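Engineer: The sequence shown finishes on residue 250 if you use this note's numbering, and the numbering steps up by one all the way, no holes. Just so it is clear, CB atoms sit at the ideal spot from N, CA and C, and this is done for glycine as well. Quantities reported herein were computed from a predicted structural model and do not represent experimental measurements.
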Amino acid sequence: MKIEILFPEVCNLYAELQNIEYLKRCDPSIEIIHTDLKSRPEFLNGGIKLVYVGTTTEKGQELVIESLKPYRDEIKKAIEDGQFMLLTGNASEMFGSVIKCEDGKDIQGLGILPTYAVRDMMHRYNTLWIGQYYFEDGSKEDVVGFKSQFTQCFFDEGKGYDDEFKPLFVAERGEGLHPGIKEEGLRWHNLYMTYLLGPLFIVNPLFTHTFLEEIGAENSEIAYKDASMRSFLKRCKEFREPDRGFTY
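(1) Which residue comes first and which comes last in the alpha helix (DSSP H) that contains D75?
(2) Using 10 angstroms around the beta-carbon of F86, count the other beta-carbons present and answer buried if the total reaches 16, otherwise exposed.
(3) Nearest to H191 by alpha carbon, out of S150, L214, P72, L170?
(4) With a threshold of 8 Å on Cβ separation, who are the neighbours of N221 within its own chain once the five nearest residues in sequence on each side are excluded?
(5) Rounded to the nearest angstrom, how far is the Cβ of S99 from that of Y118, given a contact under 8 Å?
(6) Could you compute how far the alpha carbon of K239 sits from the alpha carbon of Q151?
(7) Kindly list the residues whose CB is nearer than 6 Å to the CB of E143, restricted to its own chain and excluding five residues on each side of it in sequence; keep chain order.
(8) Tell me which residue opens and which closes the alpha helix (DSSP H) that Y226 is part of.
(9) What is the residue span of the beta strand (DSSP E) that N21 lies within?
(10) Round the Cβ separation of F156 and H180 to the nearest angstrom and send it over; I've been treating them as touching at under 8 Å.
(11) Beta-carbon within less than 7 Å of F248's beta-carbon, same chain only, minus the 5 sequence neighbours each way: which residues are those?
(12) From I50 to E243, what does the alpha carbon distance come to, in whole angstroms?
(13) Short of 8 Å in beta carbon distance, which residues of its chain neighbour E104, apart from the five on each side in sequence? Order them along the chain.
(14) Between I81 and L202, is the Cβ-Cβ spacing less than 8 Å?
(15) Reducing DSSP to helix, strand and coil, say where T212 ends up.
(16) Suppose you measure from the CA of Y24 to the CA of D164; what does that come to, to the nearest Å?
(17) Hey, which unbroken runs of the alpha helix (DSSP H) at 4 residues or more fall wholly within the segment 144-226?
(18) Should G178 go down as buried or exposed, given a rule of 16 or more other Cβ atoms within 10 Å for buried?
(19) In whole angstroms, what is the alpha-carbon distance linking R42 and P116?
(20) I need the straight-line Cα distance from E76 to G48, nearest angstrom please.
(21) Whole angstroms is fine: what's the gap from T58's alpha carbon to E33's?
(22) For G147 versus G200, is the C-beta distance shorter than 8 Å?
(23) Go through its chain and collect everything with a Cβ distance to E44's Cβ below 7 Å, but skip five positions before and after it.
(24) Check whether the Cβ atoms of V172 and E185 sit closer than 8 Å, and answer yes or no.
(25) Return the first residue and the last residue of the alpha helix (DSSP H) that L65 is part of.
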C-alpha cells in the first residue's frame with residue numbers, strides 16, 4: 003500500500019507528518035511517497051491508496067494552491083472516483099472556494115470543496131476537543147484532539163452538511179467546523195477533512211484502527227497499543243472534567 007504526502011517541505015506544522023509515520027508503524031508494508039511543490043502529484047497517475055496534506059503557514063497555503071491549480075479538475079475527478087485523501091488542520095482551506103483575509107486580499111482556493119475560510123490573524127483560536135466518530139449503524143467511538151487556528155471554516159452560500167457532505171466528527175466539548183455548531187470536519191466520498199490536531203492518529207488509537215480498516219490495511223496492528231490506549235483514556239477522562247479549561 004502506498005501513501006503519498008503532498009508538499010512536506012511546507013505542510014509540516016504541529017508534527018502532523020507523524021500521522022503517516024505512525025500508520026507505517028501500524029503496518030510496516032506501507033510505502034510512503036513524498037511529493038514536492040514542483041512535482042505532479044503521483045496519485046493522479048494511479049496506484050496511491052491515500053493522499054495526505056497537513057497544516058501549513060499562510061504563505062504555504064498560497065504556494066500549495068499555485069502548485070495544485072493546474073491539476074484542479076484531475077484532483078476533483080480522482081476524489082469523486084473514490085481516491086482516499088486526508089486533510090488536517092488548515093489544509094482543507096486550500097481546497098475550498100476562498101480564504102477571506104482581513105486586508106481584503108482574498109486568496110482564491112481550488113474550489114473543490116463547497117467551503118470558505120475567514121482569517122483573523124489577530125485572534126488565534128486554541129482549544130481542547132472531545133467528540134465522537136459515528137458509524138453508519140449509529141454506533142460511535144470517542145475522538146480527542148486540539149485546535150490551533152487563525153481561521154474559521156464555513157459552507158458556501160446554499161451549501162451545508164447533507165447526505166453528500168457529511169460531518170466527520172461530532173463535538174461533545176469544543177466547537178464544530180466553526181463556533182455555534184457541533185459538526186466537525188467533513189467526509190465527501192473518501193476525502194476526510196478535520197481541523198483536529200494531535201497528531202490525530204497518534205492520540206486516537208480507536209479512530210486510527212477504524213481508518214486503517216477503511217483504507218484496506220487489513221494486516222495492521224495499532225503501534226504501541228497499550229501505551230496509546232492508556233494515554234487516550236486518560237485524555238478522554240481529563241477532557242470531560244467539568245472544571246477543565248477548554249479554550250485558551
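Structural biologist: In short, the structure shows the following:
(1) Counting from one through the sequence shown, the residue named residue 75 turns up at place 73. Start and end: 74-82.
(2) The residue you call residue 86 lines up with position 84 of the sequence shown. Its Cβ being crowded by 16 or more others within 10 Å, F86 is buried.
(3) The residue labelled residue 191 in the question sits at position 189 within the sequence shown. Minimum Cα distance to H191 is reached at L170.
(4) Against the sequence shown, residue 221 aligns to sequence position 219. The answer, listed in chain order, is D29, S31.
(5) Here residue 99 refers to the residue found at position 97 when the sequence shown is read from its first residue. Here residue 118 refers to the residue found at position 116 when the sequence shown is read from its first residue. That belief holds up - the Cβ atoms of S99 and Y118 are roughly 5 Å apart, short of 8 Å.
(6) Translated into the one-based positions of the sequence shown, residue 239 becomes position 237. Translated into the one-based positions of the sequence shown, residue 151 becomes position 149. Answer to the nearest angstrom: the Cα atoms are 25 Å apart.
(7) In the sequence shown, the residue the question calls residue 143 occupies position 141. Answer for E143: Y135, L208, listed in chain order.
(8) Here residue 226 is taken as the residue at index 224 of the sequence shown, counted from 1. Looking at the DSSP string, Y226 is not in any alpha helix (DSSP H), and its letter there is neither H nor E.
(9) Locating residue 21 in the sequence shown gives position 19, counting from the first residue. Careful: N21 lies outside any beta strand (DSSP E), inside the alpha helix (DSSP H) at 20-28.
(10) As a working note, residue 156 is residue 154 in the sequence shown. As a working note, residue 180 is residue 178 in the sequence shown. So it is a contact: roughly 6 Å between Cβ atoms.
(11) Reading the sequence shown from its first residue, position 246 is the one you call residue 248. Cβ neighbours of F248 beyond the five flanking positions: T129, L130, R175, G176.
(12) Position 48 of the sequence shown holds residue 50. Position 241 of the sequence shown holds residue 243. Whole-angstrom Cα-Cα distance: 42 Å.
(13) The count along the sequence shown starts at 1 and reaches residue 104 at position 102. Closer than 8 Å at Cβ, skipping near neighbours: R121, D122, M123, M124.
(14) The sequence position of residue 81 within the sequence shown is 79, counting from 1. The sequence position of residue 202 within the sequence shown is 200, counting from 1. No, the pair does not count as a contact, with Cβ atoms beyond the cut-off.
(15) In the sequence shown, counting from the first residue as 1, residue 212 sits at position 210. Reduced to three states, the DSSP call for T212 is helix.
(16) As a first step, residue 24 must be located in the sequence shown, where it is residue number 22. As a first step, residue 164 must be located in the sequence shown, where it is residue number 162. Computed Cα separation, rounded: 32 Å.
(17) 207-216
(18) Counting from one through the sequence shown, the residue named residue 178 turns up at place 176. It counts as buried.
(19) For the purposes of this step, residue 42 is identified with residue 40 of the sequence shown, where counting begins at 1. For the purposes of this step, residue 116 is identified with residue 114 of the sequence shown, where counting begins at 1. Each residue's alpha carbon lies about 24 Å from the other.
(20) For the purposes of this step, residue 76 is taken as residue 74 along the sequence shown, with counting starting at 1. For the purposes of this step, residue 48 is taken as residue 46 along the sequence shown, with counting starting at 1. Taking the straight line from one Cα to the other gives about 11 Å.
(21) Here residue 58 refers to the residue found at position 56 when the sequence shown is read from its first residue. Here residue 33 refers to the residue found at position 31 when the sequence shown is read from its first residue. About 23 Å.
(22) In the sequence shown, the residue the question calls residue 147 occupies position 145. In the sequence shown, the residue the question calls residue 200 occupies position 198. Against a cut-off of 8 Å, the Cβ pair of G200 and G147 comes out as a contact.
(23) Working through the sequence shown from its first residue, we reach residue 44 at position 42. Excluding positions up to five away in sequence, the list reads E6, I35, T37, I50.
(24) Residue numbering aside, residue 172 sits at position 170 when the sequence shown is read from its first letter. Residue numbering aside, residue 185 sits at position 183 when the sequence shown is read from its first letter. Against a cut-off of 8 Å, the Cβ pair of E185 and V172 comes out as a contact.
(25) Looking up residue 65 in the sequence shown gives position 63. Run containing L65: 60-70, per the alpha helix (DSSP H) assignment.
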